[in-house]
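Novice:
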Amino acid sequence: MSVEKNRKEVHRIVKTRSRFTTLLTVYFFVALIIPNCVLINTEEYSIWSDEALILLPLGFYMMWSVALRRSGVMIWLGFPFIFFCAFQIVLLYLFGNSIIATDMFTNVLTTNPGEANELLSNIYPSVVLVCVIYIPLLWLAAREIAHKRYISHTSRMSIGLTGGALFSLGLLALWPAYHVSESKHVLRDEIFPLNVIYNLGLSGSEFRKSHNFEKSSEGFSFEARRTAQAPGREVYVYIIGEAARAMNWQLYGYERETNPRLSKRNDVVVFRDMLTQSNTTHKSVPLILSSVATDEHEELYRRKGLPALFNEIGFDTWFISNQSPQGAMIDNLAHDANHLIYIRSPRHDMQLLDEMRRVLERTDERKILFILHCYGSHFSYHQRYPREFARFLPDDDVAIALKHRQTLVNAYDNSILYTDYFLAETIGFLESLENTSSALLYCADHGEDLIDDSRERFLHASPTTTAYQLCVASLAWFSEEYCRTFPEKVEAARANETAPANTHALFHTMADMASIEGRYLSTQVSLVSPDYDRTAPRFYLNDHNEAVPYPKTGLKELDFEVFRRYGIKM
Numbered sequence: 378m379s380v381e382k383n384r385k386e387v388h389r390i391v392k393t394r395s396r397f398t399t400l401l402t403v404y405f406f407v408a409l410i411i412p413n414c415v416l417i418n419t420e421e422y423s424i425w426s427d428e429a430l431i432l433l434p435l436g437f438y439m440m441w442s443v444a445l446r447r448s449g450v451m452i453w454l455g456f457p458f459i460f461f462c463a464f465q466i467v468l469l470y471l472f473g474n475s476i477i478a479t480d481m482f483t484n485v486l487t488t489n490p491g492e493a494n495e496l497l498s499n500i501y502p503s504v505v506l507v508c509v510i511y512i513p514l515l516w517l518a519a520r521e522i523a524h525k526r527y528i529s530h531t532s533r534m535s536i537g538l539t540g541g542a543l544f545s546l547g548l549l550a551l552w553p554a555y556h557v558s559e560s561k562h563v564l565r566d567e568i569f570p571l572n573v574i575y576n577l578g579l580s581g582s583e584f585r586k587s588h589n590f591e592k593s594s595e596g597f598s599f600e601a602r603r604t605a606q607a608p609g610r611e612v613y614v615y616i617i618g619e620a621a622r623a624m625n626w627q628l629y630g631y632e633r634e635t636n637p638r639l640s641k642r643n644d645v646v647v648f649r650d651m652l653t654q655s656n657t658t659h660k661s662v663p664l665i666l667s668s669v670a671t672d673e674h675e676e677l678y679r680r681k682g683l684p685a686l687f688n689e690i691g692f693d694t695w696f697i698s699n700q701s702p703q704g705a706m707i708d709n710l711a712h713d714a715n716h717l718i719y720i721r722s723p724r725h726d727m728q729l730l731d732e733m734r735r736v737l738e739r740t741d742e743r744k745i746l747f748i749l750h751c752y753g754s755h756f757s758y759h760q761r762y763p764r765e766f767a768r769f770l771p772d773d774d775v776a777i778a779l780k781h782r783q784t785l786v787n788a789y790d791n792s793i794l795y796t797d798y799f800l801a802e803t804i805g806f807l808e809s810l811e812n813t814s815s816a817l818l819y820c821a822d823h824g825e826d827l828i829d830d831s832r833e834r835f836l837h838a839s840p841t842t843t844a845y846q847l848c849v850a851s852l853a854w855f856s857e858e859y860c861r862t863f864p865e866k867v868e869a870a871r872a873n874e875t876a877p878a879n880t881h882a883l884f885h886t887m888a889d890m891a892s893i894e895g896r897y898l899s900t901q902v903s904l905v906s907p908d909y910d911r912t913a914p915r916f917y918l919n920d921h922n923e924a925v926p927y928p929k930t931g932l933k934e935l936d937f938e939v940f941r942r943y944g945i946k947m
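Numbers given in my numbering equal positions in the sequence shown, counted from 1, plus 377.
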């Protein structure tokens, strides 16, 4: 009986010390180092950073996997690393380079489920890939836990010591990596997943500041006053576009007739050198609605925005959005308006004009500001316009791939065609109002990549920018009554058509259109002022909320060629 019992005990020990557990441990750290191997080829790091990028994480993953004898448990405890790796692979597929940015985490939290489904359905190869790599790993780890298997002492020591040695070599590589780095932020910016963990923390900090906006901006005042006003009724319309890059607008020289209505008007002022301060909606739109300069980002959480400014001088303010509430700074600034409307599906932008018509038909207010937030050319493009605007065909819903580029561009151009119709109809409606002085300012929040060159980049919000994401369409229109009352502003706007500007100018331009003065307002940033400063440097708000010159945003020679072609001054 004793011999038989000892034989069963030995058999149980051999079974729990499964060789497969060792193989699963290797599977774990090999699967997790895949994004690092790809980043070496996509990012322009020094050779020392490349060595640290591989050795530090690989060594850590190896030591992590054997920190407990139950490797299956350690694999599941490492789920955050698995999630980061899967997320990173999807983004590399989508953008071709860059690590998971701060803005990516914010986008995940602020994007509505419908938008997420639209995107995921078009990047399914990357989703399938990460499922194939990581779901079996988690399933096998769960199986090891259920069978109570653990790694042998010999394997555990070998993997742990090897990991420690690799980790030490990675630490040694950091010294020369820091020495040759221009930014001196090697760990923060270049070592995955440490950079992602930092970005996650920064994203959380931004959400906390946004959540506390009501308290941090309490008591704020522009101390606004008007220097002049038009006789009769005044209506100002501020339209925030979505993902409308200038390159696909007929008004900017595009070969397709994407602006047939606006191109026929001679009273539209087109700003031809407008760059966005951010290539992601949740940062760009608050900046468009705020007086803060790009290098004053922290002030965004202490100052109120455009609706509050117009409230101070007695305007009835309306914020009508064709996008869902995001729970971020856009909503905070929008809630300062006297009236806030979120339009539901199908979210075609003509619904914005319909709402504005209804308001003006039933209100007796003499001074009104409308802020219209469009859905514009948000992906998926073919869903942003009624079928009668499908002029460029085919425009079907297709996967994001080079072979489908023309179909994607067709759908995008149709969305611009619909934006042209919406803007022309809005101008026509304002033009029809009797005894009303009105002015309209339009600008897109950011541009869009459409697999334009050898980089095969698509969409926007990537940590490194392109010319196509930065150059945005922007225009102004003034009624005849406005032109008679403020001819100098209209003349200045026409004179500033080619002036270098970025979206920081929009708030000040809108305030100056209504002849508003106050704290934090400057005519040197207003495109309807002869005081506009054409020599002021332009800055971009990068992923870490630092104001940097545009050439420092990851632009390539391909982008500078585009800038030169469109007369954009760097």
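The beta-carbon is built from N, C-alpha and C at its ideal position, and this holds for glycine as well.
Could you name each continuous beta strand (DSSP E) segment of 3 residues or more that falls completely within the region 557-632, going from the start of the chain to the end?
Specialist: Those beta strand (DSSP E) runs which fall completely within the region 557-632 and span 3+ residues are 610-618.
Novice: Straight-line CA distance for PRO608 to GLN465?
Specialist: Looking at the two C-alpha atoms, the distance is approximately 57 Å.
Novice: For ALA605 and ASP889, I'd like the C-alpha separation in whole angstroms.
Specialist: Between ALA605 and ASP889, the C-alpha separation is close to 10 Å.
Novice: Quick one, are the C-beta atoms of GLU802 and LEU737 less than 8 Å apart?
Specialist: Cβ atoms of GLU802 and LEU737: not closer than 8 Å.
Novice: With a CB to CB cut of under 6 Å and the five nearest residues on each side skipped, what residues in its chain are close to ALA816?
Specialist: So the list reads TYR613, PHE855, TYR859 and MET890, once near-sequence residues are dropped.
Novice: Measuring only the C-alpha atoms, how far is THR886 from ASN572?
Specialist: Cα to Cα, THR886 sits roughly 38 Å from ASN572.
Novice: Name the residue from SER593, ASN413 and PHE747 whose alpha carbon lies nearest to the alpha carbon of GLU611.
Specialist: Among SER593, ASN413 and PHE747, the Cα nearest to that of GLU611 is on PHE747.
Novice: Report the three-state DSSP secondary structure of PRO877 (helix, strand or coil).
Specialist: Coil.
Novice: Is it true that the CB of ILE500 sits closer than 8 Å to the CB of TYR470?
Specialist: Against a cut-off of 8 Å, the Cβ pair of ILE500 and TYR470 comes out as a contact.
Novice: Could you check whether ILE665 and PHE884 sit closer than 8 Å to each other, using their CB atoms as the reference points?
Specialist: Their beta carbons are under 8 Å apart, which means PHE884 touches ILE665 by this criterion.
Novice: Within 10 angstroms of the Cβ of TRP516, are there 16 or more other Cβ atoms? Answer buried if so, exposed if not.
Specialist: Its Cβ having fewer than 16 others within 10 Å, TRP516 is exposed.
Novice: Within the chosen definition, does the region 668-677 reach the region 868-878 through at least 3 CB pairs nearer than 8 Å?
Specialist: Segments in contact, no.
Novice: Reducing DSSP to helix, strand and coil, say where LEU770 ends up.
Specialist: Three-state DSSP puts LEU770 in coil, outside helix and strand.
Novice: So what does DSSP say about VAL645, is it helix, strand or coil?
Specialist: In the structure shown, VAL645 sits in a strand (DSSP, three-state: E or B).
Novice: Residue ranges of each alpha helix (DSSP H) run of no fewer than 4 residues wholly in the region 387-437, ordered along the chain?
Specialist: Taking only runs of at least 4 residues, the alpha helix (DSSP H) segments lying wholly in the region 387-437 are 396-419.
Novice: With C-beta atoms as the reference, is SER792 less than 8 Å away from SER754?
Specialist: Result yes, Cβ atoms of SER792 and SER754 sit closer than 8 Å.
Novice: Name the DSSP bridge partner or partners of MET887?
Specialist: According to DSSP, which records beta bridges pairwise, MET887 is partnered with nothing at all.
Novice: Name the two residues that bound the continuous alpha helix (DSSP H) containing VAL662.
Specialist: Segment 658-665, the alpha helix (DSSP H) holding VAL662.
Novice: Kindly indicate which three-state DSSP category MET481 falls into: helix, strand or coil?
Specialist: DSSP places MET481 in helix when its eight states are reduced to three.
Novice: Between the C-alpha atoms of PHE461 and GLN700, what's the straight-line distance to the nearest angstrom?
Specialist: Going from the Cα of PHE461 to the Cα of GLN700 covers about 28 Å.
Novice: Any idea if SER532 is buried or exposed, counting beta-carbon neighbours within 10 angstroms, 16 or more meaning buried?
Specialist: Buried is the call here.
Novice: From what residue to what residue does the beta strand (DSSP E) around ILE745 run?
Specialist: Residues 744-750.
Novice: Three-state secondary structure (DSSP) at ASP826?
Specialist: ASP826: strand per DSSP, three-state reduction.
Novice: Tell me the rounded alpha-carbon separation between GLU634 and LEU779.
Specialist: Answer to the nearest angstrom: the Cα atoms are 24 Å apart.
Novice: With distances taken from CA atoms, which of GLY944, ASP920, LEU932 and LEU935 is nearest ASN576?
Specialist: Checked all of GLY944, ASP920, LEU932 and LEU935; the closest Cα to ASN576 is ASP920.
Novice: Between ARG679, PRO502, SER661 and TRP626, which has its C-alpha nearest ASN589's C-alpha?
Specialist: The candidate whose alpha carbon is nearest that of ASN589 is ARG679.
Novice: Kindly list the residues whose CB is nearer than 7 Å to the CB of ASN829, restricted to its own chain and excluding five residues on each side of it in sequence; keep chain order.
Specialist: Rather than Asn, the amino acid found at residue 829 in this sequence is Asp. So the qualifying residues of the chain are TYR845.
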